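Engineer: Numbering (the UniProt record's numbering), first residue to last: 1 to 475. Every residue, glycine too, gets a C-beta built ideally from N, C-alpha and C. In this text, all values refer to a predicted model and were calculated from it rather than measured experimentally. So that we are looking at the same thing, I have put the structure below in structure tokens.
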Amino acid sequence: MPRVRSHTDAELQYYRDQDHENILPQPFKNRLHDLFLQIEKEFEALYANNLTLQEKVENLTERLERESVIGERVIGNDENDAASTKGVLKNKLSGPSSQKVKAANKLRVQTSKIVSSFKNDTVSCRMVREYIGHRDGVWDVAVSRGGTPVIATASADQTACIWGIDGGRNLLQYIGHSGSVNSVKFHPSQDLILSASGDHTAHVWQAAITPDQLRVHSSEDEVDGSDHEDEDDGGGLGGGGRLSDGGGVATLRTPLRELTGHTSVVIAADWLPGGDQAITAAWDRTANLYDTHTGELLSQLIGHDQELTHCCSHPTQRLVVTASKDTTFRLWDFREPIHSVSVFQGHTESVTSVCFTREDKVVSGSDDRSVKVWDVKNMRSPLATIRLDSPVNRLAVSPTNVIAIPQDNRHVRLYDLAGNRLARLPRSNRQCHRRMVCSVAWSDESLGARCNLFTAGFDRVVYGWSVNSFKEGKD
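Here it is, written out as structure tokens:
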């Protein structure tokens, strides 16, 4: 029977059942059923074996990289020209396979470039805290900009939560959205949060946390690396319930302001400098500019050819960048009454993330497995390109210009703005994400917290890391 777009799968199955009723004897049906079950079991076993082999390959790759660094240090001391060459080590899968003659020399030169990034500064990474309680994947994580050491998370379980950084406990749960919460951002100076949702809206809501709440939920015990993936037993986020540890969680249902006007999923939102206005990005291919005091839609930014994936505001200037599945990102300049727009082209697949640095550069990440660093004044070509082995999700740049790159393959890698690899967050003793890492966020040193990098994954867990750079030979 030919398939028609108006027909459902159930209707088609009905016709198939009518046509083939009693044609195949029951013993043959039973035999086929058994064979399909055996095939399914074989595929499950192959899948499990592939996961195990993938983990072994990753560990061996890391060991080889460490050995190459040790081996090349002596060469690097004698060959300054090799250490000063441009470029970074590319993953073998993303490199060209037709130039085998030049491959060895190219690898040696590029490895020396990596070695040069290790000579002066070494990065140490240690997992300190985990934040457990969401019932579904965590799309986004943000760090407070004020003096209160808290983080906010956005989850597919339709909630946003605020957590004490050092205590690791859920302090406040926002349940005002009716769809997946895709993004969270702290106000630059007030106790407010801007959240974006699949319900086609963005909300502004109160996020005040008292010192008493932090003291009650404070804990000095660090994570011991045990497996806590299923600890929350469904009690944390069902509309004002309690976490599995018995701690009370304040629940907020009503926003201060609801920003409407999009006709599809709002995937991201951010405050403009000062916090009087906000930008939203949606799957309806538009970005909206709002007055956050009144909720009024001030401007609609049109130009992308496909769904938007991310947006970000400059920390001090009225500049906004929007990323899209159309392989481009756009820089919108609101510093003049008539705003201008610049289009940045260079990726070959969806641009999944874009953010500003403190040096007026823009960093973009893409599903094409690359991260590019751009000068806002030169949109023709990137300053640096980082080639990776997996698609990139929502990246972040630290106050010291370290790029944290979350990936689909569960890794988080650290690079500098020149494209030099610094480190990879460890994946040992179960202290790692088990599914793709969706977002990362750096904290400012002024918070005084023990964690300065946070990673959110679709395994429902957020991890807090201590990432430090120190000179060789020093503690």
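Kindly indicate which residue of 258, 317, 153 and 293 has the alpha-carbon position closest to the one of residue 277.
Structural biologist: Here residue 277 corresponds to residue number 277 of the sequence shown, with the count starting at 1. With distances taken between Cα atoms, residue 277 lies closest to 293.
Engineer: Less than 8 Å between the beta carbons of residue 383 and residue 374, yes or no?
Structural biologist: Counted from its first residue, the sequence shown places residue 383 at position 383. Counted from its first residue, the sequence shown places residue 374 at position 374. Yes, the Cβ-Cβ distance between residue 383 and residue 374 is below 8 Å.
Engineer: Does residue 416 come out as helix, strand or coil in the three-state DSSP assignment?
Structural biologist: Position 416 of the sequence shown, counting from 1, holds the residue named residue 416. Correct three-state label for residue 416: strand.
Engineer: At which residues does the beta strand (DSSP E) containing residue 441 begin and terminate?
Structural biologist: Here the question's residue 441 lines up with position 441 in the sequence shown. Taken as a continuous stretch (DSSP letters only), the beta strand (DSSP E) holding residue 441 covers 437 to 442.
Engineer: Given this structure, state the Cα-to-Cα distance separating residue 311 from residue 53, to the nearest angstrom.
Structural biologist: Numbered from its first residue, the sequence shown carries residue 311 at position 311. Numbered from its first residue, the sequence shown carries residue 53 at position 53. Roughly 37 Å separates the two Cα atoms.
Engineer: To which residues of the same chain is residue 74 closer than 8 Å at the C-beta, ignoring the five residues directly before and after it?
Structural biologist: Along the sequence shown, read from residue 1 onward, the residue named residue 74 stands at position 74. Confidence at residue 74 is low in this model, with a pLDDT of 33, below 50, so its placement is unreliable and no value can be given for it.
Engineer: For residue 163, which beta-bridge partners are listed by DSSP?
Structural biologist: The residue you call residue 163 lines up with position 163 of the sequence shown. BP columns for residue 163 point to 151 and 170.
Engineer: For residue 201 and residue 263, what's the separation of their Cα atoms in angstroms?
Structural biologist: The residue labelled residue 201 in the question sits at position 201 within the sequence shown. The residue labelled residue 263 in the question sits at position 263 within the sequence shown. Between residue 201 and residue 263, the C-alpha separation is close to 9 Å.
Engineer: Taking the beta strand (DSSP E) that residue 133 falls in, what are its first and last residues?
Structural biologist: Within the sequence shown, residue 133 is the residue found at index 133, counting from 1. Unbroken run through residue 133: none, as it is neither H nor E.
Engineer: When burial is assigned at 16 or more other CB atoms within 10 Å of the CB, is residue 348 buried or exposed?
Structural biologist: Taking the sequence shown and counting its residues from 1, one reaches residue 348 at position 348. Burial call: exposed.
Engineer: Residues in its own chain within less than 6 Å of residue 136 by CB, not counting five upstream and five downstream?
Structural biologist: One-based indexing of the sequence shown puts residue 136 at position 136. Only 155, 156 and 157 meet the Cβ criterion.
Engineer: Using only alpha-carbon positions, find the residue among 189, 215 and 186 that is nearest to residue 171.
Structural biologist: Mapped onto the sequence shown, residue 171 falls at position 171. Ranking the options by Cα distance to residue 171, first place goes to 215.
Engineer: With a threshold of 16 other CB atoms inside 10 Å of the CB of residue 212, please say whether the residue is buried or exposed.
Structural biologist: Here residue 212 refers to the residue found at position 212 when the sequence shown is read from its first residue. With fewer than 16 other Cβ atoms within 10 Å, it is exposed.
Engineer: My output table needs one value for residue 422: the three-state DSSP class, helix, strand or coil.
Structural biologist: By one-based count along the sequence shown, residue 422 stands at place 422. Here residue 422 sits in strand by DSSP.
Engineer: Can residue 399 and residue 275 be called in contact, C-beta distance under 8 Å?
Structural biologist: Counting from one through the sequence shown, the residue named residue 399 turns up at place 399. Counting from one through the sequence shown, the residue named residue 275 turns up at place 275. Taking 8 Å as the Cβ cut-off, residue 399 and residue 275 do not qualify as a contacting pair.
Engineer: Under three-state DSSP, which class holds residue 377?
Structural biologist: To locate residue 377, count along the sequence shown from 1; it is residue 377. Reduced to three states, the DSSP call for residue 377 is coil.
Engineer: Can at least three beta-carbon pairs, one atom from the region 157 to 169 and one from the region 445 to 453, be found at a separation below 8 Å?
Structural biologist: Cβ pair count under 8 Å is three or more, so yes.
Engineer: Quick check for students: name the residue ranges of the beta strand (DSSP E) that lie wholly in the region 293 to 353, counting only runs of 3 or more.
Structural biologist: Counting only runs of 3 or more, we get 297 to 302, 308 to 313, 319 to 324, 328 to 333 and 340 to 345.
Engineer: Would a C-beta distance cut-off of 8 Å place residue 301 and residue 332 closer than the cut-off?
Structural biologist: The sequence position of residue 301 within the sequence shown is 301, counting from 1. The sequence position of residue 332 within the sequence shown is 332, counting from 1. The answer is yes: Cβ separation under 8 Å.
Engineer: Would you call the CB atoms of residue 177 and residue 460 closer than 8 Å?
Structural biologist: Against the sequence shown, residue 177 aligns to sequence position 177. Against the sequence shown, residue 460 aligns to sequence position 460. Going by C-beta atoms, residue 177 is not nearer than 8 Å to residue 460.
Engineer: Is DSSP giving residue 33 helix, strand or coil here?
Structural biologist: Translated into positions along the sequence shown, residue 33 becomes position 33. Helix at residue 33.
Engineer: Buried or exposed for residue 358, going by 16 or more other Cβ atoms inside 10 Å?
Structural biologist: Stepping through the sequence shown from its first residue, residue 358 is reached at position 358. Result: exposed.
Engineer: Pull up the distance between the alpha-carbon of residue 227 and that of residue 363, whole angstroms please.
Structural biologist: If you number the sequence shown from 1, residue 227 lands on position 227. If you number the sequence shown from 1, residue 363 lands on position 363. Its pLDDT being 43, under 50, residue 227 is placed unreliably in this model, and the value from its coordinates should be taken loosely. Rounded to whole angstroms, residue 227 to residue 363 spans 34 Å at the Cα level.
Engineer: Can you tell me whether residue 41 is buried or exposed, with buried defined as 16 or more other CB within 10 angstroms of its CB?
Structural biologist: Position 41 of the sequence shown, counted from the first residue, corresponds to residue 41. Exposed, because fewer than 16 other Cβ atoms sit within 10 Å of the Cβ of residue 41.
Engineer: The beta strand (DSSP E) spanning residue 406 covers which residue range?
Structural biologist: Mapped onto the sequence shown, residue 406 falls at position 406. Start and end: 402 to 406.
Engineer: Check the Cβ-Cβ distances between residue 271 and every residue of chain B, and say whether any is below 8 Å.
Structural biologist: Among the chains of the structure shown, chain B does not appear; only one protein chain is present.
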